[in-house]
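Here's the structure we're looking at; comments come further down.
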Amino acid sequence: KIQDLANNITKKNIKSTVAELNQLLKLYGPEARQFLLACLIHKVEVRDQRGLSHKIQLLNHEITELAVLPNFPTVIREAFRIAQDLGDSRNRKLTEEYLAGFCKQ
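Taking the working numbering, the leading residue of the sequence shown gets 434, the next gets one more, and so forth.
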């Protein structure tokens, strides 16, 4: 359900989608947030044009919320690992160059 919501976010449904995602995140906890991050990372990585700006906006919001937590490095690393498994990037290495390119998107 989280992946479907993240994949289909658009200008028309962003408010209702974020509200539904927040309910799911409250219900399922930190692992659900990590999976949401992974879904968003994957969609930004493959440059899925449908709702891309809204996906980036939500990803930015989620990262900002998590950045203050002591386990942030672990959470974000795991989210990138899960994102690898969601796509065809299983052999991609999480390097400084990759992250710099990702952040420019």
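Even for Gly, the Cβ is constructed at its ideal location relative to N, Cα and C.
Candidates 489, 492, 476: closest to residue 440 by CA position: On the sequence shown, position 7 is the one that residue 440 refers to. Measuring C-alpha to C-alpha distances from residue 440 to each of 489, 492, 476 identifies 476 as the nearest.
Using 8 angstroms for Cβ pairs, my map puts residue 495 next to residue 466. What's the rounded Cβ distance? The residue labelled residue 495 in the question sits at position 62 within the sequence shown. The residue labelled residue 466 in the question sits at position 33 within the sequence shown. Cβ-Cβ separation between residue 495 and residue 466: approximately 7 angstroms, consistent with a contact (criterion under 8 angstroms).
If you follow the alpha helix (DSSP H) that residue 493 is part of, which residue opens it and which one closes it? Counting from 1 along the sequence shown, the entry for residue 493 is found at position 60. Residue 493 -> alpha helix (DSSP H) spans 485-499.
Leaving out the 5 sequence neighbours to the left and right, which residues in its chain are closer than 7 angstroms to residue 438 when beta-carbon positions are compared? For this step, residue 438 is matched to residue 5 along the sequence shown. Beyond the five residues adjoining it in sequence on each side, residue 438 comes within less than 7 angstroms, by CB distance, of 450, 453, 454 in the same chain, given in chain order.
Secondary structure at residue 451, three-state DSSP: helix, strand or coil? Stepping through the sequence shown from its first residue, residue 451 is reached at position 18. In this structure, residue 451 counts as helix in the three-state DSSP scheme.
Going along the chain, which residues of its own chain have a beta-carbon closer than 8 angstroms to the beta-carbon of residue 492, five neighbours each way excluded? Taking the sequence shown and counting its residues from 1, one reaches residue 492 at position 59. Around residue 492: 470, 473, 474, 477.
Does the Cβ of residue 508 have 16 or more other Cβ atoms within 10 Å, making it buried, or fewer, making it exposed? Start at 1 with the first residue of the sequence shown, and residue 508 comes out as number 75. When all chains shown are included, residue 508 counts as buried.
Just the Cα atoms here: how many angstroms apart are residue 395 and residue 528? Look at the range of the chain in this structure, 434 to 538, and you will see that residue 395 is not part of it.
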